[in-house]
Amino acid sequence: MKLREETFEVASETERLIIRPLKKSDYENWLNEFKNRYPSKHRHDQGKVDMSVCTREWFYNLVEKHQDLALTDTAHVFGVFRKRDGTHLGMVDFSTIERDDFQWGRIGYSIHNQYWRQGYAKEAVTEALNIAFNYLKFHRIEAHINLDNPASINLAESVGMDYECTRKNFIFEFGEWTDNLIYYKNAF
Numbered sequence: 001m002k003l004r005e006e007t008f009e010v011a012s013e014t015e016r017l018i019i020r021p022l023k024k025s026d027y028e029n030w031l032n033e034f035k036n037r038y039p040s041k042h043r044h045d046q047g048k049v050d051m052s053v054c055t056r057e058w059f060y061n062l063v064e065k066h067q068d069l070a071l072t073d074t075a076h077v078f079g080v081f082r083k084r085d086g087t088h089l090g091m092v093d094f095s096t097i098e099r100d101d102f103q104w105g106r107i108g109y110s111i112h113n114q115y116w117r118q119g120y121a122k123e124a125v126t127e128a129l130n131i132a133f134n135y136l137k138f139h140r141i142e143a144h145i146n147l148d149n150p151a152s153i154n155l156a157e158s159v160g161m162d163y164e165c166t167r168k169n170f171i172f173e174f175g176e177w178t179d180n181l182i183y184y185k186n187a188f
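Under the UniProt record's numbering, think of the first position of the sequence shown as 1, with each following residue one higher.
Given below as structure tokens:
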């Protein structure tokens with residue numbers, strides 16, 4: 001793992017993956033894997049998305065925005081890449097909820113659906129939690145999960161996150177206020 005504090009760039013590797021911020025040179029790889037997604041399999045899977053607005057300039061701006069968010073500790077966004085060929089598999093991100101006496105953040109994760117059921121999500125999230133605790137210095141990480149998303153629940157549990165509670169009417173999505181299951185993990 002390496003940390004360049006002047007740009008707050010964190011990168012990490014597992015047996016099969018590289019987890020790092022997106023670079024401008026990732027554009028074609030990133031775009032190709034979004035275009036290769038399968039149709040949506042359920043409500044929590046975007047499936048194929050319209051990528052027509054995602055020009056090279058748009059992507060360069062996205063990379064710069066991610067860097068700005070990291071430098072201000074608002075959010076830390078990481079691409080997940082397969083080590084053997086560099087294929088972009090998905091994303092993992094952390095949003096800072098509160099620092100000070102809490103050191104509290106939220107995790108989000110997404111693997112392109114053409115790469116599901118190969119263990120990439122578990123491997124990526126496990127390593128991302130290592131980044132969150134050891135390099136970003138969070139004490140607590142939460143996953144906010146829809147009640148009807150068993151794949152995300154199983155993933156959270158498989159990486160050692162514990163169910164804490166159900167927050168009622170917690171987030172506005174799908175045109176309504178929805179409940180979320182809260183899973184958490186603390187640094188040890």
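In this text, a Cβ means the ideal position worked out from N, Cα and C, and glycines have one as well.
Rounded to whole angstroms, how far is the Cβ of Val63 from the Cβ of Leu22, which I believe are closer than 8 Å?
On the sequence shown, position 63 is the one that residue 63 refers to. On the sequence shown, position 22 is the one that residue 22 refers to. Right, the Cβ-Cβ distance comes to about 5 Å (below 8 Å), so this counts as a contact.
Let's see if you can read the secondary structure: which residues bound the alpha helix (DSSP H) around Ala143?
Residue mapping note: residue 143 aligns to position 143 of the sequence shown, counting from 1. Premise fails: Ala143 lies in the beta strand (DSSP E), 140 to 146, not in any alpha helix (DSSP H).
Please identify the residue among Ala132, Met51, Glu142, Glu33 whose C-alpha is closest to the C-alpha of Gly90.
Sequence index remark: in the sequence shown, residue 90 carries index 90 (1-based). Restricting attention to Ala132, Met51, Glu142, Glu33, the CA atom closest to the CA of Gly90 is found in Glu33.
Return the first residue and the last residue of the beta strand (DSSP E) that Asn180 is part of.
As a position in the sequence shown, residue 180 is number 180, starting the count at 1. It spans 176 to 186 - the beta strand (DSSP E) in which Asn180 sits, taken as one unbroken run.
Going by the beta-carbon positions, is the gap between Ser152 and Ile141 smaller than 7 Å?
Here the question's residue 152 lines up with position 152 in the sequence shown. Here the question's residue 141 lines up with position 141 in the sequence shown. For Ser152 and Ile141, no; Cβs fall outside 7 Å.
Would you check if the stretch 105 to 118 and the stretch 55 to 69 touch, i.e. whether three or more CB-CB distances between them fall below 8 Å?
no
Give a yes or no on whether the C-beta atoms belonging to Val10 and Tyr120 are separated by under 7 Å.
Start at 1 with the first residue of the sequence shown, and residue 10 comes out as number 10. Start at 1 with the first residue of the sequence shown, and residue 120 comes out as number 120. Taking 7 Å as the Cβ cut-off, Val10 and Tyr120 do not qualify as a contacting pair.
Do you know whose CA, among Tyr109, Asp68, Leu147, lies nearest Gly178's CA?
In the sequence shown, counting from the first residue as 1, residue 178 sits at position 178. Just to set this straight, residue 178 is Thr in the shown sequence, not Gly. Checked all of Tyr109, Asp68, Leu147; the closest Cα to Thr178 is Leu147.
Quick check: Lys65 and Arg16, are their CB atoms within less than 7 Å of each other?
In the sequence shown, the residue the question calls residue 65 occupies position 65. In the sequence shown, the residue the question calls residue 16 occupies position 16. No; because the gap between Cβ atoms is not below 7 Å, this pair is not in contact.
Can you pull the DSSP bridge partners for Asp68?
If you number the sequence shown from 1, residue 68 lands on position 68. The partner list for Asp68 (beta bridge, DSSP) is empty, contrary to what the question assumes.
Along the chain, where does the alpha helix (DSSP H) containing Val125 start, and where does it finish?
Looking up residue 125 in the sequence shown gives position 125. 120 to 134 is the extent of the alpha helix (DSSP H) around Val125.
By how many angstroms is the C-alpha of Gly47 removed from the C-alpha of Asn70?
Taking the first residue of the sequence shown as position 1, residue 70 is located at position 70. Taking the first residue of the sequence shown as position 1, residue 47 is located at position 47. Per the sequence shown, the amino acid found at residue 70 is Ala instead of Asn. Each residue's Cα considered, the two are about 27 Å apart.
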